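Following: one structure in structure tokens, then a few remarks.
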Amino acid sequence: MNNIIELVKKNEQLFLENAEELNGEELEQEDIDAYLAIQGATEEELAAFEHQFQLKLPEDFKSLYKYKNGSGSMSLIWPQEGFYRGYRFLSLQEISAVKIHFQHENREMTEFPDTIDQKQLKQLDKRIKPYLFCKSWFPFAEYANSLYLMLDYEPSEKGLEGQIISYVHDPDFIYYIAPTIMETLKMTEVVIENLV
Numbered sequence: 001m002n003n004i005i006e007l008v009k010k011n012e013q014l015f016l017e018n019a020e021e022l023n024g025e026e027l028e029q030e031d032i033d034a035y036l037a038i039q040g041a042t043e044e045e046l047a048a049f050e051h052q053f054q055l056k057l058p059e060d061f062k063s064l065y066k067y068k069n070g071s072g073s074m075s076l077i078w079p080q081e082g083f084y085r086g087y088r089f090l091s092l093q094e095i096s097a098v099k100i101h102f103q104h105e106n107r108e109m110t111e112f113p114d115t116i117d118q119k120q121l122k123q124l125d126k127r128i129k130p131y132l133f134c135k136s137w138f139p140f141a142e143y144a145n146s147l148y149l150m151l152d153y154e155p156s157e158k159g160l161e162g163q164i165i166s167y168v169h170d171p172d173f174i175y176y177i178a179p180t181i182m183e184t185l186k187m188t189e190v191v192i193e194n195l196v
């Protein structure tokens, strides 16, 4: 899975070269230094995470986290056209903490008629089950505690286990992103190049 690391490094460089244009402000050297100091997760940490949540992480996801266990404050994943900010990768420890209060219960979209109407419900990608919150979704990247990228361990029959989906707040909705983290990172390259 070295190609995922090469892709991440390419995206890192692309982001660093264009950070001021993407973020609207110059990137502080201390933020860059803090990111560079982040170590990868160990096999033991990944195994403990899988054991804690009784799941098997996708191999490309594990390769990514062996390289860097999160991205600190750096927004290194930009998979969606039309979204004005990138997401920062959460560390395994942050994912565990987020799961305590977010995506820790199953709640269907129909339970929120004031938020999601029938027209919106029909726009839901067929690869995603009609939940707004689901215990089998694992947020691994976020922006401003209101936008999350998630691993989906309970896709619809048309989806793939481990596919990447997005929770967007205000208005609340779930979007399909890509079948894998690798494909999500490939999209990042395109989105950043289009933004700059």
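Going by my numbering, the final residue of the sequence shown carries number 196, and the count climbs one at a time with no gaps.
Backbone N, C-alpha and C define an ideal beta-carbon position, used for all residues, glycine too.
Computed from a prediction, not measured in an experiment: that's the story for all the values here.
Consult DSSP for residue i and reduce its assignment to one of helix, strand or coil.
i: GLU26; result: coil
i: TYR153; result: coil
i: ALA97; result: helix
i: PHE15; result: helix
i: PHE133; result: strand
i: LEU185; result: helix
i: SER63; result: helix
i: GLU108; result: strand
i: LYS122; result: helix
For residue i and residue j, what's the separation of their Cα atoms in angstroms?
i: LYS62; j: ALA41; result: 9 Å
i: ILE174; j: VAL8; result: 25 Å
i: LEU57; j: GLU17; result: 31 Å
i: ASP170; j: GLU30; result: 32 Å
i: LEU36; j: SER73; result: 11 Å
i: GLU111; j: ASP33; result: 45 Å
i: GLU43; j: PRO113; result: 43 Å
i: GLN39; j: GLY70; result: 9 Å
i: LEU195; j: THR188; result: 10 Å
Per DSSP, residue i forms a beta bridge with which residues?
i: ARG127; result: DSSP output for ARG127 lists no bridge partner at all.
i: ILE174; result: TYR167
i: ALA141; result: PHE89, LEU149
i: ILE77; result: TYR87
Could you check how far apart the C-beta atoms of residue i and residue j are, in whole angstroms? I think they sit under 8 Å.
i: ILE192; j: LEU64; result: That pair is no contact at about 17 Å.
Exercise. For the 8 Å Cβ check, are there 3 or more pairs between the region 85 to 98 and the region 141 to 156?
Worked result: The region 85 to 98 vs the region 141 to 156: in contact.
For this session: Tell me, please, whether the region 109 to 122 touches the region 150 to 168 by the rule of three or more beta-carbon pairs shorter than 8 Å.
Result: By the criterion of at least three beta-carbon pairs nearer than 8 Å, the region 109 to 122 is not in contact with the region 150 to 168.
Exercise. Three or more beta-carbon pairs under 8 Å between the region 97 to 110 and the region 18 to 26, yes or no?
Worked result: Too few Cβ pairs lie closer than 8 Å, so no.
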